[in-house]
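**Q** Have a look at this one before I ask anything.
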Amino acid sequence: MGILVDVKKYLSLEEFPKNIQDYLSVTITDHAYLPKTEDITSDWVAYIAAPAFKLIREKAGHDLDAFASIGTGSGIDVLTGVELLGVKRVGFTDLLKSVVDTAAENIKKNGSSSTCVGGFATLFLLTFA
């Protein structure tokens, strides 16, 4: 199953995103959490993680170096970290290799010039240029 996510609306941004695509084309596997893009108050990334990431970035006063997600699902949480935290390196895991593989593809195709720098089992590390 695939979904299209309007990032500006989903992350409550005032401007278009700078580090990821304006619209995310995301593949969802059977074993991954389905983002609730039509009701963001019910979506943990949009409603909980994104506001927290904005506060973390504001308090830091600069882009962060890296971000890791445990149980990434579709990878939208990682893309949110790339956009809101300004990270260039990301790591992510999930229970099933198929979920991680799909998340890696979602992150690569929706991020800005990402490069896979390593990975094993259910962990991938990506660097954004």
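Quick note: the sequence shown, position 4, residue 3 per numbering that gives the first Met the number 0, numbers continuous.
Where a beta carbon is used, it is the ideal one built from N, C-alpha and C, also for glycine.
#1: Put Thr101 into one of helix, strand or coil per three-state DSSP.
#2: Per DSSP, what are the beta-bridge partners of Ala51 in this structure?
#3: From the DSSP output, in three-state form, read off Thr26 for me.
#4: For Cys115, name the three-state secondary structure that DSSP assigns.
#5: Within 10 angstroms of the Cβ of Ile3, are there 16 or more other Cβ atoms? Answer buried if so, exposed if not.
#6: Taking 7 Å as the limit between beta carbons, can you name the residues of its chain near Tyr22, skipping five residues before and five after?
#7: Ordered along the chain, which non-local residues of its own chain (more than five positions away) have a Cβ less than 6 Å from that of Ala120?
#8: So the candidates are Val89, Ala103 and Arg56; which of them puts its Cα closest to the Cα of Ala31?
#9: Apply the 10 Å Cβ neighbour rule to Ala45 and answer buried if 16 or more other Cβ atoms are within range, or exposed otherwise.
#10: Relative to the alpha-carbon of Thr71, which residue among Leu54, Glu37 and Trp43 has its alpha-carbon at the smallest distance?
#11: Is the beta carbon of Ala59 sitting closer than 8 Å to the one on Leu83?
#12: For Pro16, I'd like the list of residues in its chain whose CB is within less than 6 Å of its CB, leaving aside the five on either flank, ordered along the chain.
#13: Could you check the C-alpha separation between Asp93 and Asn109 for me, to the nearest Å?
#14: Between Val89, Lys107 and Asp100, which has its C-alpha nearest Asp29's C-alpha?
**A** Working from what's here:
#1: helix
#2: Paired residues: none, contrary to the question.
#3: strand
#4: Because the pLDDT at Cys115 is just 43, under 50, the model does not fix this residue reliably, and the value given afterwards should be weighed accordingly. Reduced to three states, the DSSP call for Cys115 is strand.
#5: Sequence inspection shows Leu at residue 3; the Ile mentioned does not correspond to that position. It is exposed - the Cβ of Leu3 has fewer than 16 other Cβ atoms within 10 Å.
#6: Leu3, Val4, Asp5 and Val6
#7: Interpretation of Ala120 is limited by its pLDDT of 47, a score under 50 that renders its predicted location unreliable; the figure taken from the coordinates is listed afterwards. Result list for Ala120: empty, nothing under 6 Å.
#8: Ala103
#9: buried
#10: Trp43
#11: no
#12: Val6 and Glu82
#13: 19 Å
#14: Asp100
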